[in-house]
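Let me begin by presenting the structure, written as structure tokens, before commenting on it.
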Amino acid sequence: MAGDRELFPRPTGREIGAIRQFLSTELIGGTALFLAVASALVISNSPIRSVYTSITHFEIGYGAFRLDVKTWAADGLLAIFFALAGLELRREMTYGDLRNPRRAALPIIAALCGMAGPAVIYSLINRSDPIALHAWVIPTSTDLAFCLTILGIAGSRIPTALRAFLLTLAITDDIAAIILIAIFYSQTIKWRYLIPSLIVLAAYALLQRKGFTSGWLALPLGICAWALMQQSGVHATVAGVLIGLLTNPHGDRRGASAVERFERILSPISALISVPFFAFVTIGIAISSRDLELLAHDKITSSIVVSRLFGKVIGIVGGAWLISKITRAELSPNLSWWDVTAIGILGGIGFSVSLLVAVVSLGGHPDRLMAAESGILFSGIISALLAIVTLQLRNRWYRRLEPTN
């Protein structure tokens, strides 16, 4: 029973294989996301900024679905990202850490504490400003693609158990974020669209349960559920995560489950197209001396930075420590609380979901939205730099422990 007493037990062989396959896609996706953010910032601060603005506001579609490019990216492309998050969570609930309630408690509680920390700090700072307070979910999310890219570059010797912890933590984080978006940022619910959407989702779940798991059947049902959800007033990305969660996780005669097959299809689309393109059309901030002043003087900008830098670390490390005390589990001999702290610092990096929350919560206030986007950008950069330094120090520590030939 020693494994149950370890706070970060080593994953099984099957789990390690799934983690490595997932990490390889996310590392590439993180690079694509970095390039997208960098490109948006360069273009937004160049003479062709007007072209960038024209592209992001260009409308595509017909009738109720005539939306600008930025809205299509937020409602459409991010639905793919959240569908993948739902698939990953379904797999973890079947084969990964989340199938064991005791092991699942650590990343789930750490993730929730890691969201509560920034939310509390942000809310305290902005308690007298109702508009800013409405955007309290912004600093709570973690960007898995960026985190894994930095972890792969700067934390090559960090144990696999902690990588698995970060993976499960970030997935839990994404699911919790979409629940918060659905609860706090949905418009007036139009039941004539929501009920048919739920009926389509129920039909999808039934077909999956009966073994009808063909992608050609799942695709039209998914699009139909998304379209109805988009018109219902509930944020369209909720349909994506529900499709993922309702997918059959068990293997068929071909060996691979629908979850595994859909993950293989959606992972590169999400990592290389959906998230980078959404970041590209959203993060285009013209950085001027005024924007730098915002960091010090604008409450929204500074509160996002402060709540991310301190709230995430305090929440994630505090949540893990709390679990260790409740379960009397101990860290593995080859791990240190500094490793957990490094993961907490990494958790302060958040772009995709944070930008989505900024758009849905502050979209009617352009100046506030720009301040929030500046805070997301600055907090991500600072957290990334601190994480790189911390991970490099931990790498040196693990290098010393390696036997010399």
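Sequential numbering from 121 applies to the sequence shown in the numbering used here.
Backbone N, C-alpha and C define an ideal beta-carbon position, used for all residues, glycine too.
| said: Please classify Ala322 as buried or exposed, where buried requires at least 16 neighbouring CB atoms within 10 angstroms. | reply: It counts as exposed.
| said: Just to confirm my understanding: we take Asn515, look at its own chain, exclude 5 residues before and 5 after, and list those with CB closer than 6 Å. What are they? | reply: Only residues of its own chain outside the window of five on either side were considered, and among them Arg277 have a CB closer than 6 Å to the CB of Asn515, listed in chain order.
| request: Reducing DSSP to helix, strand and coil, say where Leu455 ends up. | output: Reduced to three states, the DSSP call for Leu455 is coil.
| query | What are the boundary residues of the alpha helix (DSSP H) that Trp311 is part of? | reply | Run containing Trp311: Trp311 to Arg329, per the alpha helix (DSSP H) assignment.
| task | Out of Ala338, Ser422, Arg520 and Thr402, point me to the one whose CA is closest to Ala359's CA. | result | Here the closest residue by C-alpha is Ala338.
| field | contact_flag[the segment 462–479, the segment 258–267] where n(CB pairs < 8 Å) is 3 or more | value | Counting C-beta pairs with one atom in each stretch, the segment 462–479 and the segment 258–267 have three or more that are closer than 8 Å, which means they touch.
| query | Grouping DSSP H, G and I as helix and E and B as strand, with all else coil, what is Ser390? | reply | If DSSP states are grouped into helix, strand and coil, Ser390 belongs with the helices.
| request: With DSSP collapsed to three states, give me the class of Gly342. | output: Note: Gly342 maps to helix in three-state DSSP.
| Can you give the Cα-Cα distance for Asp487 and Thr461, rounded to whole angstroms? | If you take the alpha carbons of Asp487 and Thr461, they lie about 34 Å apart.
| Which ranges does the alpha helix (DSSP H) cover as unbroken runs of at least 4 residues, wholly within the segment 351–406, from first to last along the chain? | List check, alpha helix (DSSP H) in window: 357–365, 378–389 and 395–402.
| Say the cut is 7 Å; is the CB of Trp311 nearer than that to a heavy atom of the ligand HEM? | As far as ligands go, the structure on display features none, and thus does not contain the ligand HEM.
| query | If you follow the alpha helix (DSSP H) that Gly237 is part of, which residue opens it and which one closes it? | reply | First-last of the alpha helix (DSSP H) with Gly237: Pro221 to Ile245.
| task | Kindly give me the distance between the Cβ atoms of Ala440 and Leu226, rounded to whole angstroms, as I take these residues to be in contact under 8 Å. | result | Sure, about 6 Å apart at Cβ, within 8 Å.
| query | From Lys190 to Gly196, what distance separates their C-alpha atoms? | reply | The alpha-carbon of Lys190 is positioned some 10 Å away from that of Gly196.
| query | Anyone know if the C-beta pair for Leu253 and Ser243 falls short of 8 Å? | reply | Leu253 is a Cβ neighbour of Ser243, given a cutoff of 8 Å.
| task | List the whole-angstrom C-beta distance separating Leu511 from Gly275, where the pair is believed to meet the contact cut-off of C-beta under 8 Å. | result | Taking the Cβ atoms as the reference, Leu511 lies roughly 4 Å from Gly275, within the contact range of under 8 Å.
| Cβ shell of Gly470 (< 6 Å), same chain only, five flanking positions each side left out | Leaving aside the five residues that flank Gly470 on each side, the residues in its chain whose CB is nearer than 6 Å to its CB run, in chain order, Ser261, Thr262 and Asp263.
| task | Could you pull out every residue in the same chain whose Cβ sits closer than 7 Å to the Cβ of Val395, ignoring the five residues on either side in sequence? | result | Same-chain partners within the cutoff: Gly149, Leu153, Phe201, Ala265 and Ser472.
| message | Between Ile465, Ile393 and Glu493, which has its C-alpha nearest Trp192's C-alpha? | response | Ranking Ile465, Ile393 and Glu493 by Cα distance to Trp192 puts Ile393 first.
| message | Between the alpha carbons of Gln351 and Ser387, how many angstroms are there, rounded? | response | Those two C-alpha atoms are separated by around 26 Å.
| request: State the CB to CB distance for the pair Ser494 and Thr421, rounded to an integer number of angstroms; the pair is presumed to be in contact (CB under 8 Å). | output: Between the beta-carbon of Ser494 and that of Thr421 there is about 5 Å, and that keeps the pair under the 8 Å contact cut.
| request: Mark Glu179 as exposed unless 16 or more other C-beta atoms lie within 10 angstroms of its C-beta, in which case mark it buried. | output: Here Glu179 is exposed, its C-beta having fewer than 16 other C-beta atoms within 10 Å.
| query | Roughly how many angstroms separate the alpha carbons of Phe332 and Leu362, rounded to a whole number? | reply | Approximately 17 Å between the Cα atoms of the pair.
| query | Any idea if Lys310 is buried or exposed, counting beta-carbon neighbours within 10 angstroms, 16 or more meaning buried? | reply | Under this definition Lys310 is an exposed residue.
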